[in-house]
Amino acid sequence: MRVGEGMFPRTLRALVRGQGRSAVWLLPVGLFAVWGVWFVQARITVYEPSVQARLEVHREVYAVDSPVEGRLVKTHVELHRKVSAGEVLFELAQEQEARQLAEAEALMKGQGPQLEAARAELEAEQSALQAQQERGAASAEEARARLSEAEALARRAQEEKTRTEQLWARQLVSESEWHQVRTELERAQASEQAARAALARVKTDGTMQSTERRVRIAALRGDIARLESAENVARATVERLREEVERRVVRAPADGLLGETSSVRVGTQVKAGDRIATVVAGGDVRIVGQFSPATALGRVRAGQQARMKLEGFAWTEFGLARATVVAVASEARDGLVRVELSVDEMPPGVPMEHGLQGTVDIAVEEATPLRLVLRALGRGLGGPARARPLPSRAPGTLELSRGGR
């Protein structure tokens with residue numbers, strides 16, 4: 004029994020020692036297998052860093068300049084003050100322009116009554132001409148009727164003279180009757196001539212009166228044309244002077260905040276084009292990043308997710324801003340490609356202010372470690388990598404995706 008009892012513990016210890024040596028070999032093999040699976044199948048998010056980035060207001064920033072030269076008499080410009088479109092920001096002296104405008108308005112007002120009087124006189128002359136022509140036609144018709152009557156009396160007298168002359172030749176009428184017949188004929192002929200002359204006089208008088216009125220009408224039309232021209236010139240002068248006065252009252256071009264103001268004071272003489280203030284129109288704040296063309300063109304596209312680290316706000320304390328690419332420039336400008344991103348989430352305690360600086364990383368793809376190693380190997384064999392302008396960190400920053408794939 005003692006021999007058996009001694010052999011069993013020794014056998015057990017031998018078995019345990021054999022299994023321990025196998026476990027030591029299995030551990031590195033298992034780790035290598037896990038690493039191999041991760042190396043071939045894991046998905047890693049590849050980020051492209053920006054050269055620089057900052058927050059910008061999506062809408063325009065309007066410059067408020069002095070439109071003309073003049074002396075500043077009023078100002079309502081205060082930094083970061085909210086303004087509305089059309090609100091008066093500052094005024095320039097306008098005494099001389101105001102006097103000229105008053106004179107032009109007075110001149111324009113004086114043209115109106117003169118023009119109305121001339122038009123009324125023209126209308127009266129036209130009515131008088133029409134009435135005179137109607138009266139002239141009636142007078143001429145009456146004169147024609149009298150001439151016709153005189154001609155009829157003259158013909159009758161001529162016939163009476165012919166008949167009486169035959170009787171006188173046969174001594175059938177007395178000498179007094181013969182003289183009386185001849186007298187009546189002469190009287191009838193004189194009446195006919197008078198009627199004919201009256202008709203000609205009526206026609207001549209009507210023509211002369213019509214001509215005189217037409218001359219007055221033409222003169223009145225000329226006066227009206229000159230008055231209308233003077234009124235148009237006065238109206239144009241008034242409009243020009245009103246615009247000149249209005250130009251000396253500078254208003255806000257849009258709703259927003261006064262983002263920049265100059266130090267000019269009331270009484271300062273300013274020149275045309277001098278910057279007085281800028282109005283930052285209220286709108287959505289976007290992230291504008293500048294990227295190297297080698298990393299952005301063909302890789303950065305709309306819809307990709309991004310993150311931004313803000314200068315002055317440590318990401319370890321405040322966190323990262325989340326964003327989405329909304330637009331990518333098709334060409335480089337000044338050696339950089341502009342990329343615009345919408346802000347999806349800002350870290351608590353970080354203000355969304357225009358001009359806030361930082362750097363942005365855009366997730367351009369997901370790849371396995373094997374693929375990344377092969378890509379790096381291929382770039383190394385293909386030649387030295389091209390230098391990128393002002394890199395903020397090592398290109399191709401890697402990070403495991405949050406899904407743990």
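Taking this note's numbering, the leading residue of the sequence shown gets 4, the next gets one more, and so forth. Each residue gets a CB set at the ideal place from its N, CA and C atoms; glycine is no exception. Computed from a predicted structure; not experimentally measured.
Within its chain, find whatever has a CB closer than 7 Å to the CB of residue i; leave out the 5 residues flanking it on each side and keep chain order.
i, result
"leucine 58", "Val288, Ile290, Met355, Glu356, His357, Gly358 and Leu359"
"glutamate 231", "Leu118"
"arginine 278", "Ala66, Asp68 and Ser265"
"arginine 336", "none"
"lysine 164", "Val184, Arg185 and Leu188"
"glutamate 263", "Ala280 and Thr281"
"alanine 233", "Gln114"
Within 10 Å of its beta-carbon, does residue i have 16 or more other beta-carbons around it, so buried, or fewer, so exposed?
i, result
"arginine 310", "buried"
"glutamate 195", "buried"
"serine 69", "buried"
"glycine 276", "exposed"
"alanine 379", "exposed"
"proline 387", "Its pLDDT being 49, under 50, proline 387 is placed unreliably by the model, and the measurement read from it follows with that caveat. Answer is exposed; the Cβ neighbour count stays below 16."
"leucine 377", "exposed"
"glycine 113", "exposed"
"glutamate 51", "buried"
"threonine 167", "buried"
"phenylalanine 35", "exposed"
"valine 273", "buried"
"glycine 259", "buried"
"glycine 361", "buried"
"threonine 298", "buried"
"threonine 48", "buried"
"glutamine 169", "exposed"
"leucine 30", "exposed"
"alanine 127", "exposed"
"valine 43", "exposed"
"alanine 172", "exposed"
Within a Cβ cutoff of 6 Å, which residues of the same chain sit near residue i, ignoring the five residues on either side of it in sequence?
i, result
"glycine 292", "Ser53, Ala56, Val342 and Val363"
"leucine 15", "Low local confidence applies: a pLDDT of 48 at leucine 15 is under 50, so the model's placement there is unreliable, with the coordinate-based value given in what follows. Within the same chain, leucine 15 has no close Cβ partners at all."
"threonine 271", "Leu75"
"tryptophan 318", "Lys312"
"alanine 191", "Leu156, Ala157 and Ala160"
"arginine 84", "Leu261"
"glycine 209", "Gly139"
"glutamine 212", "Gln135"
"glutamate 180", "none"
"glutamine 174", "none"
Have a look at the DSSP bridge pairing and note the partners of residue i.
i, result
"isoleucine 290", "Leu58 and Leu344"
"glutamine 272", "Arg74"
"aspartate 364", "Pro52 and Arg310"
"leucine 95", "Leu75"
"alanine 127", "Answer is none; alanine 127 lacks a bridge partner."
"aspartate 68", "Arg278"
"lysine 85", "Leu260"
"threonine 327", "Gln308 and Ser345"
"leucine 339", "Arg336"
"glutamate 356", "Answer is none; glutamate 356 lacks a bridge partner."
"alanine 121", "BP columns for alanine 121 are empty, so no partner."
Answer yes or no: do residue i and residue j have a C-beta to C-beta separation smaller than 7 Å?
i, j, result
"proline 296", "valine 329", "no"
"leucine 132", "arginine 216", "yes"
"glycine 73", "alanine 105", "no"
"valine 64", "valine 346", "no"
"glutamate 247", "glutamate 98", "no"
"valine 267", "phenylalanine 316", "no"
"threonine 146", "alanine 201", "At residue 146 the sequence reads alanine, which differs from the threonine that was named. Yes; because the gap between Cβ atoms is below 7 Å, this pair is in contact."
"aspartate 226", "alanine 121", "yes"
"alanine 193", "arginine 149", "no"
"alanine 326", "leucine 344", "yes"
"valine 427", "serine 142", "Lying outside 4 to 408, the shown extent of the chain, residue 427 is not represented and no answer is given."
"arginine 250", "valine 86", "no"
"alanine 494", "methionine 349", "The question about residue 494 has no answer, for the chain in this structure spans 4 to 408."
Between residue i and the rest of its own chain, which residues show a CB-CB distance below 8 Å, the 5 nearest in sequence each way excluded?
i, result
"glutamate 90", "His79, Arg254 and Ala255"
"glutamate 124", "Leu223"
"valine 241", "Leu104, Ala107, Glu108 and Met111"
"glutamine 129", "Ile220"
Relative to the ligand NAP, is the shortest distance from any of its heavy atoms to the C-beta of residue i smaller than 6 Å?
i, result
"arginine 310", "The model on display carries no ligand, and the ligand NAP is accordingly not part of it."
**Q.** Continuous beta strand (DSSP E) assignments of at least 3 residues falling wholly in the segment 178 to 265
**A.** Fully enclosed beta strand (DSSP E) runs of 3 or longer: 252 to 254 and 259 to 264.
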